[in-house]
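Engineer: Please see the structure below; I have some questions.
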Amino acid sequence: MGPRPCGKVTTVMRHVSCRRFWEGHGCVWCENMRPVMFNMDTCRGGLMSIGLLAFLAFIPILIALILMAGLRWPSTRAMPIAWLAGVVLACAFWGQDPLRLVALSIEGTITAVGVLIIVFGALLIYYTLQYSGAMETIQAGMKKISPDKRLQAIIIGFMFAAFIEGAAGFGTPAALAAPLLLGLGFPPLCAAVICLAFNSVPVTFGAVGTPVLQGFKSIEAVAMQAMNFSDPAMAYKTIGEYVTLMHFPMGIILPIFMLGFMTRFFGKNKSWMEGFRAWKYCLMASACFLVPYLILAWLVGPELPSMVGGLLGLGALVWLTQKGFCVPTDGVWDFDHKDAWDAEWTGSIEASSATEYKEHMSQTMAWLPYVLCGLLLVLTRVPAFHLKPIVTDPMFSVGWANILGYEGVTSKIALLNLPGTIPFILVSIITIGLHKMNGEKIRQAWGTALEKMTAPTIALVAAVALVSILRGSGVNTAGPDGAALPSMPMAMALFASDVAGSAWPMLAAFVGGLGAFITGSCTVSDMLFANFQWDMGGLLDYPALGKYIIVAAQGVGGAAGNMICIHNIVAVCAVLGMIGKEGIILRRTIWPFVLYCLVAGTVCFYLIGRVL
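With the numbering used here, the residue at position 364 of the sequence shown is 356, and numbering never jumps.
Have a look at this one:
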């Protein structure tokens, strides 16, 4: 039996539990089947009281924001301090038992381990291809396609990076595409801005759907219940469908806008029109990516749209470019001579002489590991091939139920269902034979991947542990007369609903972007704000589908946040020799970010209107 109102008619008020609320009258039964009453009229004491709770709940995020954005601390130092602040606040104001906070932190750590396996697999296949020579072969092939810098920006910065995002994610696209653009003669600042801005449309489905499948896991149960789904895959697929509707307009607008942005701020003639003249080519590129992207999201699920859309789109776009379809007729566009570039455009690495690429094998052999990744993902994720029940079998799962005896504090990892194991680690091992790698190259690939895991491990464990504490703080008796205070995300949602009201659909994507800006990850942003966004939909009296739409806007905003994410900006600056110029990049990428969230918010507002 689900939650039911007790039937007692009271004055109009809100009763909120750790999971659900009723508006109007009655009470709420929590998952432990005991009434947990949170009377907003009693606890709120007006807007200031709930505002104070919301401010207290926001303090850990604010600390991370100040340390990372203001003081430029690395996430490895900032996120543990933010976690500690969350622990102190949960104890002091939400009355959390310290041992329960330990259990919640363990829950977050186990969840983080699952994400870290994906990160390791993504890094491993990347460095395996790098040390085998396949990555340089791919780069050499990309360099030959067209001399027009506008076309190169689309092929490499948009399409090639979209495929890498879909296959690997976690900052890999910019780390690969930006140096390639640098080697093709792009000013370092331009290469950074282009790659950061374009790494947005595919991100919600990046790393084979991780931001959706892992980021929204905390709302899986309530989302299934709201739509009477028997399979969690249906809940994730529904979120993904609405994600595509919000990404779609910017999937068309962004390539055109960014080419105009590039020719206006980095071109000799400072002209928007020089970039806009390639609009036909941009539309062709968008169609090459968006058609498979939409089909796979609506028919299969969130794992494949970006990776397969990027792979098929890249192949189609390269072929069409070589055939001359929609190629601009106003001549080959290029940057001015390097001597005329602004000083802030450059760093410690020269543009055109940064890298020379040679082919170590055939293009087919170089791309084969990525083709195998796509094939294995299709075979193991699409039910028609009957392998999905094997990789999702509970016997291959590890975790801890009711951690330290606290009911409901549980986390498990489906080892074979993680893309980090199948296909990334598996394909990395297969690639050793395919590319005839010797022992030294194997050790370098695995050693480098393991070495690169140190910083993500510290930051991600702290961030996800903080998310577990924020989410789990709703189980308490710290309110008046032993009633439950809202969880920390719920407190922020209550305050935001009072301030924003019906305008929230226009703002939901900005919250996702804020999360990515703070945490450095769309996945962690979704982990941080999934419950918040779902609760916002409830507080605004949206039907179940309306809540799905708001959550989808969170995923879109988290993707757009990659443009302004401090972690990504620092990573791009590191590979381009631009350390110290992060603020300059942020001032450039903030504009496409704002445009993205405004367009996504407009679509979200329209969709909400359709379901009300």
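Where is the CB? At the ideal position from N, CA and C, for every residue including glycine.
Which residue marks the beginning of the beta strand (DSSP E) containing V390, and which one marks its end?
Structural biologist: 389 to 392
Engineer: Just grab the DSSP bridge partners of I405 for me.
Structural biologist: Answer by DSSP bridge pairing, in chain order: V390.
Engineer: For a test of the three-state rule: what should DSSP assign to C318, helix, strand or coil?
Structural biologist: Coil, per DSSP.
Engineer: Please state if the CB of G198 and the CB of I417 are separated by a distance shorter than 8 angstroms.
Structural biologist: no
Engineer: Quick check: what's the CA-CA separation for G505 versus F190?
Structural biologist: 15 angstroms
Engineer: Quick check for students: name the residue ranges of the alpha helix (DSSP H) that lie wholly in the segment 236 to 282, counting only runs of 4 or more.
Structural biologist: The qualifying runs are 264 to 268.
Engineer: What's the C-alpha gap between G400 and I422?
Structural biologist: As the crow flies, the alpha-carbon of G400 is around 40 angstroms from that of I422.
Engineer: How close, in whole Å, do the beta carbons of M216 and A454 come, if the pair is a contact with beta carbons under 8 angstroms?
Structural biologist: So it is not a contact: roughly 29 angstroms between Cβ atoms.
Engineer: For T446, is the classification buried or exposed, using 16 other Cβ atoms within 10 angstroms of its Cβ as the cut-off for buried?
Structural biologist: exposed
Engineer: Please report the straight-line C-alpha distance between G125 and M353, rounded to a whole angstrom.
Structural biologist: Their backbone Cα atoms lie some 8 angstroms apart in a straight line.
Engineer: Are L303 and Y228 closer than 8 angstroms when you measure CB to CB?
Structural biologist: no
Engineer: Indicate whether G87 and A470 have their beta-carbon atoms separated by less than 8 angstroms.
Structural biologist: The answer is yes: Cβ separation under 8 angstroms.
Engineer: Among the candidates L76, L568, W583, I450, whose CA atom is the shortest distance from the CA of V105?
Structural biologist: Residue I450 is the option with its Cα nearest to V105.
Engineer: Mapping DSSP to helix, strand and coil, what is A183?
Structural biologist: helix
Engineer: On the CB-based measure, 16 or more other CB atoms within 10 Å of its CB, does P194 come out buried or exposed?
Structural biologist: buried
Engineer: Determine the DSSP secondary structure at Q88, reduced to helix, strand or coil.
Structural biologist: coil
Engineer: Under the three-state reduction of DSSP, which class applies to K428: helix, strand or coil?
Structural biologist: K428: coil per DSSP, three-state reduction.
Engineer: Buried or exposed: where does V324 fall if 16 or more other Cβ atoms within 10 Å of its Cβ makes it buried?
Structural biologist: With a threshold of 16 other beta carbon atoms within 10 Å, V324 falls short and is exposed.
Engineer: Buried or exposed for S263, please, with buried defined as at least 16 other CB atoms from any protein chain shown within 10 angstroms of its CB.
Structural biologist: Under this definition S263 is an exposed residue.
Engineer: Starting from the C-beta of P241, find all residues in its chain whose C-beta is less than 6 angstroms away, skip the five residues before and the five after it, and write them out in chain order.
Structural biologist: V591
Engineer: Considering only residues of the same chain and omitting the five flanking positions on each side of I605, which have a CB-CB separation below 7 angstroms?
Structural biologist: Residue 605 lies beyond the residue range present for the chain, which begins at -7 and ends at 604; the question has no answer from this structure.
Engineer: Have a look at A563 and E157 and give me their C-alpha separation to the nearest angstrom.
Structural biologist: 15 angstroms
Engineer: Go ahead and pull the three-state DSSP assignment for L499.
Structural biologist: helix
Engineer: For E606, which of V200, T230, T196 has the nearest alpha-carbon?
Structural biologist: For the chain, the structure presents residues -7 to 604; residue 606 sits outside this window and is missing.
Engineer: Measure the alpha-carbon distance for F585 versus L246 and round it to whole angstroms.
Structural biologist: 10 angstroms
Engineer: Below 8 angstroms on the Cβ atoms is my contact criterion, and I expect T196 with V204 to pass it. Report the Cβ-Cβ distance as a whole number of Å.
Structural biologist: 6 angstroms
Engineer: Helix, strand or coil: how does DSSP classify G302 here?
Structural biologist: helix
Engineer: How many angstroms separate the CA atom of V595 from the CA atom of C557?
Structural biologist: Between the C-alpha atoms of V595 and C557 there is a straight-line separation of about 23 angstroms.
Engineer: When the Cα atoms are used, what is the spatial distance from P284 to G305?
Structural biologist: 8 angstroms
Engineer: Among E99, M570, A500, which one has its Cα closest to the Cα of A544?
Structural biologist: A500
Engineer: Tell me whether P171 sits in a helix, a strand or coil according to DSSP, three-state version.
Structural biologist: helix
Engineer: Determine the contact status of L237 and L568, defining contact as a CB-CB distance below 8 angstroms.
Structural biologist: no
Engineer: Within 10 angstroms of its Cβ, does Q525 collect 16 or more other Cβ (buried), or is it exposed?
Structural biologist: buried
Engineer: Can you grab the Cα-Cα spacing for the pair I395 / D89, in whole Å?
Structural biologist: 14 angstroms
Engineer: For Y398, does the three-state DSSP call read helix, strand or coil?
Structural biologist: Correct three-state label for Y398: coil.
Engineer: Hey, L96 and S460: beta-carbon distance below 8 angstroms or not?
Structural biologist: yes
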